[in-house]
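Protein chains: 2
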Amino acid sequence: MGRPSRKDDILQAALACFSEQGVDATTIEMIRDRSGASIGSLYHHFGNKERIIAALYLEGVSGYARLLEAGFARVDTAKGCIKLLVGCYVDWVLTNPDWARFILHSRGRVEASELGEQLRETNRLHHGRIDEVLRPYRESGAYREMPRDCFVSVVIGPVQDFTRNWLAGRTRTSLADCRELFMQVAWDAVRAL
Amino acid sequence: MGRPSRKDDILQAALACFSEQGVDATTIEMIRDRSGASIGSLYHHFGNKERIIAALYLEGVSGYARLLEAGFARVDTAKGCIKLLVGCYVDWVLTNPDWARFILHSRGRVEASELGEQLRETNRLHHGRIDEVLRPYRESGAYREMPRDCFVSVVIGPVQDFTRNWLAGRTRTSLADCRELFMQVAWDAVRAL
DNA sequence: AAGTATTCTAGAAAAATATTCTAGTTTCAT
DNA sequence: ATGAAACTAGAATATTTTTCTAGAATACTT
Chain A
1 MGRPSRKDDI
11 LQAALACFSE
21 QGVDATTIEM
31 IRDRSGASIG
41 SLYHHFGNKE
51 RIIAALYLEG
61 VSGYARLLEA
71 GFARVDTAKG
81 CIKLLVGCYV
91 DWVLTNPDWA
101 RFILHSRGRV
111 EASELGEQLR
121 ETNRLHHGRI
131 DEVLRPYRES
141 GAYREMPRDC
151 FVSVVIGPVQ
161 DFTRNWLAGR
171 TRTSLADCRE
181 LFMQVAWDAV
191 RAL
Chain B
194 MGRPSRKDDI
204 LQAALACFSE
214 QGVDATTIEM
224 IRDRSGASIG
234 SLYHHFGNKE
244 RIIAALYLEG
254 VSGYARLLEA
264 GFARVDTAKG
274 CIKLLVGCYV
284 DWVLTNPDWA
294 RFILHSRGRV
304 EASELGEQLR
314 ETNRLHHGRI
324 DEVLRPYRES
334 GAYREMPRDC
344 FVSVVIGPVQ
354 DFTRNWLAGR
364 TRTSLADCRE
374 LFMQVAWDAV
384 RAL
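Have a look at this one:
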């Protein structure tokens, strides 16, 4: 387990800079300063700035995926799964607000980068896994009929949009306070009538 | 009226570059090339790259707002308003897919930029206007009880997420085909029980 | 129409930033 | 202890953004 590696130092420093200055405004030099690494070290670990961004992004996404996976093991109802999807999302954001802000703001950038394909692949897997877990309930008719690719959007879209606003300080209501609401809204939206 | 101004040329060239190469990958030089303008001209009209991005963003958002405003004039039911919010969104995206892709991918960047405050102000106004139109129906009890700042997320979150996926070519279902579905989902989510 | 101010265009020069490269240092398995 | 591989360093280079000075077009005044 040991101490954080230089590589992690760099990622953490990058996240801190991104949070304080925004991604565009942070220079390699700032990340170098803050992490204590040298330019050479930095470019050794990540070949360029884009890849620092992508690594941070993918690492964050996989954190949420792990949380979700742990949750799947504890849940065995159609309703429980939907609430879990929303609840985990909120929990992860509450625990890692800076990281969440970064991710919500950088999806486009990563998609457009050379690592876009990898991200898309990760997403496919993620969605595939959700699909797999939901399949038995879907097949038993517990969910409203709708195209697969709309389903996840219906479930996660509302919290995601609210979260973006909350992270930007644009809401009066706190995210924690409407966790239940969004779980309920998601379930109402997809339960069979 | 008249022909597109040099300023518009630059914005259009920028959008084309952004669509083809991604925002990060397009350089001022590319925009200069494509628009036929000179560096000087470019910097005269917009002080820097950030402001080109912000101008394009804000112009797009205001296009959607205008479409919505036109719709408000034709609608006078609680349900009609909700469906309009979703329908207009879809219509604008279908008409301006490149622009929409750019906007959905650049929100974070613009928010973090020096024009972030202006964007937030625009958003406040936009939300305020929606609130204003919806108020009579809300007060008459046509909508489910929930915090104001959650309401818009519940209505627009699902289409928005789906749209992002559709624009990235990640969906099998076409956006046009699920326009009705998302309108219905939004209405079901907020109608009083 | 001539004069004047303002907006706009140009591209070279400067500044800022990202990336490469060469040379050393540590780590670790043998 | 030795050699290979991973890592670190920072100067040098390349790229990209931004500034600056000057000149052309346009509108405005008399």
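Chains as they are written, first to last, in my numbering: chain A, 1 to 193; chain B, 194 to 386.
Cβ coordinates follow ideal geometry from the N, Cα and C atoms, glycine included.
Computed from a prediction, not measured in an experiment: that's the story for all the values here.
Legend entry - Residue range of the unbroken alpha helix (DSSP H) whose run includes Ile6 of chain A: Here residue 6 of chain A turns out to be Arg, not Ile, going by the sequence shown. It spans 6 to 21 - the alpha helix (DSSP H) in which Arg6 of chain A sits, taken as one unbroken run.
Legend entry - Chain-ordered residues of the stretch 103 to 118 of chain A with a beta carbon less than 9 Å from chain B: Leu104, His105, Ser106, Arg107, Gly108, Arg109, Glu111, Ala112, Ser113, Gly116
Legend entry - Rounded distance between the beta-carbons of Ile53 of chain A and Val23 of chain A, thought under 8 Å: 7 Å
Inset, instruction - Closer than 7 Å by C-beta to Met183 of chain A: which residues in its own chain qualify, once you throw out the five before and the five after it? Chain order, please. - result: Lys83, Val86, Gly87
Inset, instruction - Could you work out which residue in B:Arg227, B:Gln353, B:Ala385 is closest to Leu297 of chain B when comparing CA atoms only? - result: B:Gln353
Legend entry - Check whether Thr173 of chain A and Pro340 of chain B have beta carbons under 8 Å apart: yes
Inset, instruction - Under 8 Å between beta-carbons, which chain B residues line up against Phe46 of chain A? List them in chain order, please. - result: Going along chain B, no residue has its Cβ under 8 Å from Phe46 of chain A, so there is no contact; the nearest lies around 15 Å.
Legend entry - Touching by the beta-carbon criterion (3+ pairs, under 8 Å), the stretch 71 to 83 of chain A and the stretch 95 to 104 of chain A: no
Inset, instruction - Go to Pro158 of chain A, then tell me how far its alpha helix (DSSP H) extends in each direction, as first and last residue. - result: 148 to 167
Inset, instruction - Say whether chain B places a C-beta atom closer than 8 Å to the C-beta of Met146 of chain A. - result: yes
Legend entry - Cut-off 7 Å between Cβ atoms - residues of its own chain near Ala37 of chain A, not counting five sequence neighbours on either side: Arg6, Asp9, Ile10
Legend entry - The alpha helix (DSSP H) enclosing Tyr43 of chain A, as first and last residue numbers: 39 to 45
Inset, instruction - Just mark Arg66 of chain A as buried or exposed, buried being the case when its beta carbon has 16 or more other beta carbons within 10 Å. - result: exposed
Legend entry - Contact list for the stretch 350 to 361 of chain B against chain A, Cβ threshold 9 Å: Gly350, Pro351, Val352, Gln353, Asp354, Phe355, Thr356, Arg357, Asn358, Trp359, Ala361
Inset, instruction - Leaving aside the five residues before and after Leu134 of chain A along the sequence, list all residues of the same chain whose C-beta is less than 7 Å from its C-beta, in chain order. - result: Cys81
Inset, instruction - Specify, as a first and last residue, the run of the alpha helix (DSSP H) that Gly206 of chain A falls within. - result: Residue 206 of chain A lies beyond the stretch modelled for chain A, which goes from 1 to 193, so this question has no answer here.
Legend entry - Tyr143 of chain A - partner residues in DSSP beta bridges: A:Arg191
Legend entry - is_contact[Thr173 of chain A, chain B] using C-beta, thresh 8 Å: yes
Legend entry - Own chain partners of Gly60 of chain A with C-beta closer than 6 Å, once the 5 adjacent residues on each side are dropped: Trp99, Ile103
Legend entry - Below-8 Å beta-carbon distance, Arg191 of chain A vs any chain B residue: no
Legend entry - Length of the line joining the Cα atoms of Glu310 of chain B and Val303 of chain B: 9 Å
Inset, instruction - Could you check what DSSP says for Leu84 of chain A in three-state terms: helix, strand or coil? - result: helix
Legend entry - Sequence-distant residues of the same chain with beta carbon closer than 6 Å to Ser255 of chain B, five excluded per side: none
Inset, instruction - Check whether the Cβ of Val378 of chain B lies closer than 8 Å to any Cβ atom in chain A. - result: yes
Legend entry - Within chain B, partners of Cys81 of chain A - CB distance below 9 Å: Within 9 Å Cβ-Cβ: nothing; Cys81 of chain A doesn't reach chain B, min ~18 Å.
Inset, instruction - Find out if the Cβ-Cβ distance for the pair Cys371 of chain B, Cys150 of chain A is shorter than 8 Å. - result: yes
Legend entry - Minimum C-alpha distance to Val154 of chain A - residue among B:Trp380, B:Pro329, B:Ser333: B:Trp380
Legend entry - Minimum Cβ-Cβ distance from Ser212 of chain B to chain A less than 8 Å: no
Inset, instruction - For Glu114 of chain A, name the three-state secondary structure that DSSP assigns. - result: coil
Inset, instruction - Ignore the nearest five residues each way along the sequence and tell me which others in Lys242 of chain B's own chain have a CB closer than 7 Å to its CB. - result: Ile221
Legend entry - Neighbourhood of Gly141 of chain A by C-beta distance below 7 Å, restricted to the same chain and skipping five residues each side: Ala192
Legend entry - Assigned secondary structure, Ser174 of chain A (DSSP; H/G/I helix, E/B strand, else coil): coil
Inset, instruction - Please work out which residues of its chain come closer than 7 Å, Cβ to Cβ, to Arg101 of chain A, disregarding the five sequence neighbours upstream and downstream, and give them in chain order. - result: Ser19, Leu167
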